[in-house]
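Each residue of the sequence shown is one higher than the last, beginning at 527 in our numbering. Just so it is clear, CB atoms sit at the ideal spot from N, CA and C, and this is done for glycine as well.
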Amino acid sequence: MTTADRVPVASEADRSAYRAGPVDEQSRARLAEGGLDYRRTSIDGDDFAPWLQSVARGFLDGERTPEQIASSRERSGYRRLTGVYDPAAPVSEAPVATIASWLGELSVPGGAAVPACAISAVTVAPTHRRRGIARAMLEGELRAAADAGIPVAMLTVSESTLYGRYGFAPAAASASWRIETRRAAWIGPRPEGRVDFISRETLRGLAPALHERVRLALAGEIDVPGSHWDGFAGTSPTAEKAGEKRAIQYTDAAGEVRGLALYTVRENHDDFTKASVRVVYLLTDGDDAYAALWRFLLELDLVAEVNADELSVDEPLLWMIADQRAATITLRDHQYVRILDVAAALEVRRYGAPGLIALDVSDALGHAAGRYLLEVDAEGVGRVRAWEGDAPAGAVEVSLGIEELSATYLGGVSLATLAAAGRVRSADAAAAARVLSWHTAPRLSIWY
Ligand SMILES: CC(C)(COP(=O)(O)OP(=O)(O)OC[C@H]1O[C@@H](n2cnc3c(N)ncnc32)[C@H](O)[C@@H]1OP(=O)(O)O)[C@@H](O)C(=O)NCCC(=O)NCCS
527 MTTADRVPVA
537 SEADRSAYRA
547 GPVDEQSRAR
557 LAEGGLDYRR
567 TSIDGDDFAP
577 WLQSVARGFL
587 DGERTPEQIA
597 SSRERSGYRR
607 LTGVYDPAAP
617 VSEAPVATIA
627 SWLGELSVPG
637 GAAVPACAIS
647 AVTVAPTHRR
657 RGIARAMLEG
667 ELRAAADAGI
677 PVAMLTVSES
687 TLYGRYGFAP
697 AAASASWRIE
707 TRRAAWIGPR
717 PEGRVDFISR
727 ETLRGLAPAL
737 HERVRLALAG
747 EIDVPGSHWD
757 GFAGTSPTAE
767 KAGEKRAIQY
777 TDAAGEVRGL
787 ALYTVRENHD
797 DFTKASVRVV
807 YLLTDGDDAY
817 AALWRFLLEL
827 DLVAEVNADE
837 LSVDEPLLWM
847 IADQRAATIT
857 LRDHQYVRIL
867 DVAAALEVRR
877 YGAPGLIALD
887 VSDALGHAAG
897 RYLLEVDAEG
907 VGRVRAWEGD
917 APAGAVEVSL
927 GIEELSATYL
937 GGVSLATLAA
947 AGRVRSADAA
957 AAARVLSWHT
967 APRLSIWY
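Set out below in structure tokens:
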């Protein structure tokens, strides 16, 4: 079943109800004690521009121009925006802290998606740091998501040390590749279809539907907000250096577009045969498109190096080049996940092997704490129920925090590894790891 055929797990009605929801009362009251006002920021109103300027300053960017503000306003409709305001500050209309979130979908092992609260734009002004404002906002958004019945929260991060304390864990790592193209030598398939240049606007038009067709097949991917496609393709009116991006498509032998890629080229003025390419985005539906587009990129004349980020930690590409040492691969934490509702989250994904696991989960924020019995059948379908007293006979007992359970959720982090690291307790972590594992590595191809 393709994404287009299925009923979305996050319906438009649920998304807009979440957007319209109030701020969390507990966090509002806590911030009010410090004289701060925690309130929603409207996208259409006068408070949008100062909110956006505070986000830009928080991420060390310059001031946004009126054109950039207008463009961003137009593309922000999918998010709910919240600010923390200090009435005593000289510029009191500019929030001293910001956060944005929206209801989206996270792909999980087995070709399904779970409703997920995506969080972004977390900033606290340097004048107000280390007073617990970020904690109040994060705890507030997590409570709001849990109250709305959203089983999972997710985010990508600027610093890896910030979010573990709220129960988030890196569940899909990303790989950055630097490939010496002459050394790599293509030994992969040479599919029959064709690769052509297209305009960036054409790519912008094709990408959303292609992504919708494939995203459920890869745990860790999300439904990409429309504004991101403009960011990649450089098709928003305020895009900078958009003309540097080259767009290509792969069309299969039957004439269907199965793959898209965007890349930039940097000349090497000391040696014109040694330019370098950066892959901005690569999206493929099927093995042929994947092979054809990568082959095109690795065989470009006058190019000595290809760079690509946000790849999976287990790319088929490694087996399509003659010399694996032509690729320098750097791994980094990328897609962070936080389970809020253990039963709902665990019943959506599929599992690597049948088994019975008695989970004893701790959660400092309370959302997910409890004892859960996960029973996985021969088809890899899991059912969850509560357990008390002694674990049922035959069950593998696993004691862990919500951070560790969230790390395993996409099938990319082994429970056995976490046990060896002292992060999980179990008499048979290997057996539990087999159940929780998945045969393909999760991946997230964007930042949000
Ligand atoms: C990161 C940031 C949001 C923290 O805001 P803050 O209001 O100062 O954070 P808080 O006072 O609420 O601190 C919350 C906790 O995080 C810790 N913390 C805060 N900043 C940290 C940092 N940079 N590194 C490690 N820990 C940090 C605090 O020690 C505190 O720990 P505790 O509650 O467990 O005792 C803020 O410094 C900021 O805006 N940075 C720039 C933008 C950014 O990186 N945003 C994150 C985007 S993913």
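Using beta-carbon positions only, say whether residue i and residue j come within less than 8 Å of one another.
i           : j           : result
residue 730 : residue 761 : yes
residue 867 : residue 719 : no
residue 623 : residue 650 : yes
residue 865 : residue 894 : yes
residue 552 : residue 669 : yes
residue 970 : residue 920 : no
residue 856 : residue 686 : no
residue 693 : residue 932 : yes
residue 684 : residue 860 : no
residue 678 : residue 640 : yes
residue 907 : residue 898 : no
residue 788 : residue 816 : no
residue 967 : residue 839 : yes
residue 759 : residue 726 : yes
residue 830 : residue 707 : yes
residue 773 : residue 723 : yes
residue 836 : residue 972 : yes
residue 950 : residue 929 : no
residue 711 : residue 848 : yes
Between the C-alpha atoms of residue i and residue j, what's the straight-line distance to the nearest angstrom?
i           : j           : result
residue 565 : residue 587 : 24 Å
residue 617 : residue 841 : 49 Å
residue 621 : residue 573 : 9 Å
residue 812 : residue 902 : 29 Å
residue 853 : residue 844 : 8 Å
residue 750 : residue 734 : 8 Å
residue 872 : residue 935 : 8 Å
residue 779 : residue 547 : 49 Å
residue 914 : residue 923 : 12 Å
residue 863 : residue 691 : 13 Å
residue 785 : residue 558 : 51 Å
residue 825 : residue 754 : 28 Å
residue 544 : residue 769 : 37 Å
residue 747 : residue 828 : 34 Å
residue 947 : residue 954 : 14 Å
residue 945 : residue 775 : 44 Å
residue 810 : residue 736 : 8 Å
residue 652 : residue 688 : 16 Å
residue 615 : residue 603 : 28 Å
residue 959 : residue 571 : 50 Å
residue 732 : residue 756 : 12 Å
residue 764 : residue 595 : 10 Å
residue 549 : residue 612 : 17 Å
residue 628 : residue 880 : 34 Å
residue 942 : residue 956 : 5 Å
Buried or exposed for residue i, please, with buried defined as at least 16 other CB atoms from any protein chain shown within 10 angstroms of its CB.
i           : result
residue 832 : buried
residue 675 : exposed
residue 713 : exposed
residue 538 : exposed
residue 658 : exposed
residue 592 : exposed
residue 752 : exposed
residue 696 : buried
residue 918 : exposed
residue 771 : buried
residue 533 : exposed
residue 766 : exposed
residue 709 : exposed
residue 796 : exposed
residue 600 : exposed
residue 782 : exposed
residue 560 : exposed
residue 799 : exposed
residue 889 : buried
residue 568 : exposed
Worksheet item: Is the region 872-879 touching the region 621-636 in the sense that three or more CB pairs, one from each, lie closer than 8 Å?
Response: yes
Worksheet item: In chain order, which continuous runs of the beta strand (DSSP E) of length 3 or greater are located wholly inside the region 800-840?
Response: 801-810 and 829-837
Discussion item. Give the list of continuous beta strand (DSSP E) stretches no shorter than 3 residues that lie fully inside the region 839-875.
Written reply: 853-865
Discussion item. As an exercise, report each continuous beta strand (DSSP E) stretch of at least 3 residues that is fully enclosed by the region 552-617, in chain order.
Written reply: 563-567 and 606-611
Fill in: Length-filtered (4 minimum) alpha helix (DSSP H) runs lying within the region 735-802
752-759
Practice prompt. Please list the segments of the beta strand (DSSP E) lying wholly inside the region 647-702, counting only runs of 3 or more residues, in order along the chain.
Written response: 678-681
Item to complete: Report the residue ranges of all beta strand (DSSP E) runs contained in full by the region 614-640; include only those spanning at least 3 residues, in chain order.
Response: 623-634
Practice prompt. Please go through the region 937-965 and give each complete beta strand (DSSP E) segment of 3 or more residues, from N-terminal end onward.
Written response: 950-952
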